[in-house]
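Under the working numbering, think of the first position of the sequence shown as 19, with each following residue one higher.
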Amino acid sequence: MTAAPLHMAGQRLMLDPAGVCTWPAQKLLAVTDLHLEKGSHFASRGQFVPPYDTRETLDRLGAVIRKWNPQKLVLMGDSFHDRHGCARLPPADCATLKRLLEGREVTWLLGNHDPEPPEGLPGTAVTELRIGAILFRHEADPARLPLGVIEVSGHFHPKATMPVRGGGVTRPCFLTDGRRLMLPAFGAFTGGLDIRDPAIARLFHRGGRAFLIGQERLYSFATGPLRGAMRAMEAEAASAP
Numbered sequence: 019m020t021a022a023p024l025h026m027a028g029q030r031l032m033l034d035p036a037g038v039c040t041w042p043a044q045k046l047l048a049v050t051d052l053h054l055e056k057g058s059h060f061a062s063r064g065q066f067v068p069p070y071d072t073r074e075t076l077d078r079l080g081a082v083i084r085k086w087n088p089q090k091l092v093l094m095g096d097s098f099h100d101r102h103g104c105a106r107l108p109p110a111d112c113a114t115l116k117r118l119l120e121g122r123e124v125t126w127l128l129g130n131h132d133p134e135p136p137e138g139l140p141g142t143a144v145t146e147l148r149i150g151a152i153l154f155r156h157e158a159d160p161a162r163l164p165l166g167v168i169e170v171s172g173h174f175h176p177k178a179t180m181p182v183r184g185g186g187v188t189r190p191c192f193l194t195d196g197r198r199l200m201l202p203a204f205g206a207f208t209g210g211l212d213i214r215d216p217a218i219a220r221l222f223h224r225g226g227r228a229f230l231i232g233q234e235r236l237y238s239f240a241t242g243p244l245r246g247a248m249r250a251m252e253a254e255a256a257s258a259p
């Protein structure tokens, strides 16, 4: 897989087609929205789904950790699908996760699905993490960012449609406007929210650049002003039968 460089605040970040962001100068890997134990959460409520999401997600996480070998690992919130998800980890998966975290500086950002730190796992839990000019948080703050500060967030599971001949291709994506960077969800059972949705468009109303996740590389295109796209999307929804 070929990662794409992204320069923000004088720093070079790398966007990996696996759906993670690295900061080579800090030897840091950031990943968001693993939603571990989502399958068991739904199963406990009588909605059976295949119980393999955690194993698949950890296998993918292991692959990117082996690739980048980070000293710092930032898990950007909603790492577990609910506050009891860590306690439901099967022993083998728990052991796998501990091995992946071992020997690294682990930071857990608290998310809306996991507002409490996971018990029995290494690392420090915080609401946000700032390193130099780059601020990591689970959910983007719509307030104006301080001058020179770059926000890296997750939460919304962004996806976008890239126009191609005969239609469009819709995939999870990274989204940036030079001041904000939104990461795609990493978990196996996570859906996506169109970047034209008001929840995302209000953060990138002037538009930006989307990096669609492909099998081996990212596909980048300018989004155009998302405020206008949001209105068009709302009009389409209002006219639908």
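Glycine is no exception: its CB is placed at the ideal position from the N, C-alpha and C atoms.
Nearest to residue i by CA position, among the options, is which residue?
i, options, result
"Leu165", "Phe174, Val182, Ala151", "Ala151"
"Val82", "Pro133, Asp195, Leu118, His99", "Leu118"
"Pro243", "Gly95, Phe154, Arg227", "Arg227"
"Glu120", "Pro140, Met19, Ala105", "Pro140"
"Asp215", "Asn130, Glu74, Arg198, Ala178", "Ala178"
"Lys85", "Arg148, Leu46, Leu153, Arg183", "Leu46"
"Tyr70", "Ile168, Gly138, Leu54", "Leu54"
"Thr241", "Ala36, Glu146, Asp195", "Asp195"
"Ala113", "Asp100, Gly138, Gly95", "Gly138"
"Leu115", "Arg101, Ser97, Gln44", "Ser97"
"Gly210", "Val38, Gly184, Pro190", "Pro190"
"Thr208", "Ala43, Cys39, Thr50", "Thr50"
"Val7", "Leu230, Leu79, Glu146", "No answer is possible for residue 7: the residues shown for the chain start at 19 and end at 259."
"Ala36", "Phe239, Arg224, Ala43, Ala203", "Ala203"
"Phe154", "Gly185, Arg162, Gly95, Ala217", "Gly95"
"Ala217", "Val167, Phe174, Arg224", "Phe174"
"Arg162", "Arg78, Arg73, Val187, His223", "His223"
By Cβ distance, which residues of its chain are closer than 6 angstroms to residue i, with the 5 residues on each side in sequence left out?
i, result
"Met200", "Ser171, Pro176, Leu193"
"Thr20", "Arg235"
Our contact map puts residue i next to residue j with C-beta atoms below 8 angstroms; I'd like the distance itself, whole angstroms only.
i, j, result
"Arg198", "Glu169", "5 angstroms"
"Ile213", "Gln44", "Not a contact, Cβ separation roughly 27 angstroms."
Considering only residues of the same chain and omitting the five flanking positions on each side of residue i, which have a CB-CB separation below 8 angstroms?
i, result
"Leu221", "Ala158, Pro160, Arg198, Met200"
"Asp100", "Glu55, His59, His131, Asp132"
"Leu76", "Leu54, Asp111, Thr114, Leu115, Leu118"
For residue i, I'd like the list of residues in its chain whose CB is within less than 7 angstroms of its CB, leaving aside the five on either flank, ordered along the chain.
i, result
"Ala258", "Only weak support exists for where Ala258 lies, its pLDDT of 49 falling under 50; the coordinates are left without a value."
"Ala143", "Trp126, Leu128, Pro135"
"Leu33", "Ala21, Ala22, Leu24, Cys39, Phe192, Phe229, Leu236"
Using a beta-carbon distance below 8 angstroms, is residue i in contact with chain D?
i, result
"Pro160", "Going by chain labels, chain D is absent from the structure shown, which holds only one protein chain."
key: Inter-stretch contact (C-beta, 8 angstroms, three-pair minimum) for the region 121-128 and the region 87-101   = yes
message = Between the region 130-148 and the region 25-36, can you find at least three pairs of beta-carbon atoms closer than 8 angstroms?
response = no
ask   = Which full runs of the beta strand (DSSP E) of 3+ residues lie inside the region 89-170, going along the chain?
value = 90-93, 123-127, 142-144, 146-149, 152-155
ask   = Enumerated in chain order, which unbroken segments of the alpha helix (DSSP H) with a length of 4 residues or greater are wholly contained in the region 197-230?
value = 216-219
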